[in-house]
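According to our numbering, the sequence shown holds residues 1 to 319 in order. Ideal placement from N, C-alpha and C gives every residue a C-beta, glycine not left out. Only a predicted model underlies this, so the values are computations on that prediction, with no experimental measurement involved.
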Amino acid sequence: MTLKALSATQFQFENQTHFYKGKVRDVYSIGTDLLVMVACDRISAFDHVLPRAIPHKGQVLNAIAGLFLDKTKDIVQNWKIAMPDPHVTIGYRCDAIPVEFVVRNYLTGHAWRVYKSGLRTLCGNVLPEGLKENDQFPQPIVTPATKASEGHDEDTTYDEILEKGILTQAQLDELYRISLALFQRGTEIAAEKGLILVDTKYEFGMRNGQIVLIDEIHTPDSSRFFYADTYEDLQRNGQPQRQLSKEFVREWLMENGFQGKEGEVIPPMSDEFVNSITERYEELYRAMTGAPLERRSYDQIEIQIENSIKQALKQIEHE
Ligand SMILES: Nc1ncnc2c1ncn2[C@@H]1O[C@H](COP(=O)(O)OP(=O)(O)O)[C@@H](O)[C@H]1O
Ligand SMILES: [Mg+2]
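If you want it as structure tokens, here you go:
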């Protein structure tokens, strides 16, 4: 029997001013200052939401993001106020900066595809000759992307962000510095768990004239992780890395003829496949936290979530 999953929500809260349905998360604006984010169990790949939701995925994402937001507060302030339910974070609504700050320490994914095509620069960074897939860079690099409101994000550069007047040079320098510091912290925490933080993306916003870290961080949806213990051997033998990310979902899609291009059809997902994705997210949670996931109850989940949000909002507004 397939488990229940939370594919979408439709709440109406007091003082609700806006609703945005992201690819994965349902975002409710409350008044002018607050955001309620429900990490649903939807899964996206190649910028497409897949037809079936993955039980417990939202809970895993929400928990990992919360953990890392708490462990990076000394580097930069972030948007999180409370997590009243395993699927929910409430925090400050910020004016999102339309740049994704991608940090990479390995030649993987998009970076590898660019390199393989013969190019030796990525978003203004010069890449050394002679690297193979999943090799480590001399040091982490920032490869920014513009956050397009529709469809694919596009690579950009430090200079282009300034030319377009998106940020001042002082702001951009500060955001590069913060992104690299966050990546360093993420790398250290992952290493304690026997994992390598391969690459990740950060989003920032402005609130009361200050930079705030927003969105999720260091989750399997926004990052790639390798197992550290097998990394060297696999590299030496030219074998694929053991990954903790949704890369295997992308691979399954590609094997079944889907790369997110026009005219392609998303292959149907069997119960077995959905269950295997849940298990991978669970494995990731355990690797990252050292404890098994406590599978939340899906019994009347919408009501559970709605009530915990209402209660938390009341409390926050009284503070
Ligand atoms: N504190 C915040 N203030 C404003 N916007 C935010 C904040 N945190 C996250 N967001 C935005 O909320 C959305 C989260 O939902 P997601 O499923 O990731 O959507 P998307 O399909 O846009 O990536 C993102 O667009 C992200 O930029
Ligand atoms: Mg997103």
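- The residues 50, 51 and 52, in chain order, have a CB closer than 7 Å to that of residue 269 in the same chain once the five nearest residues on each side in sequence are set aside.
- Cβ neighbours of residue 147 within its own chain (closer than 7 Å, five residues either side excluded): 98, 99, 100 and 153.
- With fewer than 16 other beta carbons inside 10 angstroms of its own, residue 117 counts as exposed.
- In summary, residue 183 is buried, with 16 or more beta-carbon neighbours lying within 10 Å of its beta-carbon over all protein chains present.
- Look at residue 192 here: in three-state DSSP terms it is helix.
- With 16 or more other Cβ atoms from the protein chains shown falling within 10 Å of its own Cβ, residue 43 counts as buried.
- Closest by C-alpha distance to residue 250, out of 221, 313 and 38, is 221.
- In this structure, the straight-line span from the alpha carbon of residue 225 to that of residue 104 is close to 11 Å.
- Contact fails between the stretch 19-30 and the stretch 67-75, because fewer than three Cβ pairs, one in each stretch, are under 8 Å apart.
- In this structure, the alpha-carbon of residue 190 lies about 13 Å from that of residue 243.
- Note on residue 9: 16 or more other CB atoms within 10 angstroms of its CB, so buried under the neighbour-count rule.
- Excluding residues up to 5 positions away in sequence, 84 and 85 lie with their Cβ nearer than 6 Å to the Cβ of residue 308 in the same chain.
- Here the distance from the Cβ of residue 298 to the nearest heavy atom of ligand 1 is not below 7 Å.
- The residue from 79, 286 and 300 with its alpha-carbon nearest to that of residue 294 is 286.
- Beta-bridge annotation (DSSP): residue 209 is not paired with any residue.
- Going by beta carbons, residue 11 and residue 306 fall inside the 8 Å limit.
- Within the same chain, 133 come within 7 Å of residue 112 by CB-CB distance, once the 5 residues on both sides are set aside.
- Within the same chain, Cβ atoms closer than 6 Å to the Cβ of residue 39 are found at 25, 58, 61, 62 and 87, the five residues on either side in sequence being excluded.
- Set against 7 Å, the gap from the CB of residue 79 to the closest heavy atom of ligand 1 is smaller.
- Under the three-state reduction of DSSP output, residue 114 falls in the helix class.
- Excluding its 5 nearest sequence neighbours in each direction, residue 76 has C-beta neighbours in its own chain below 6 Å: 178 and 213, listed in chain order.
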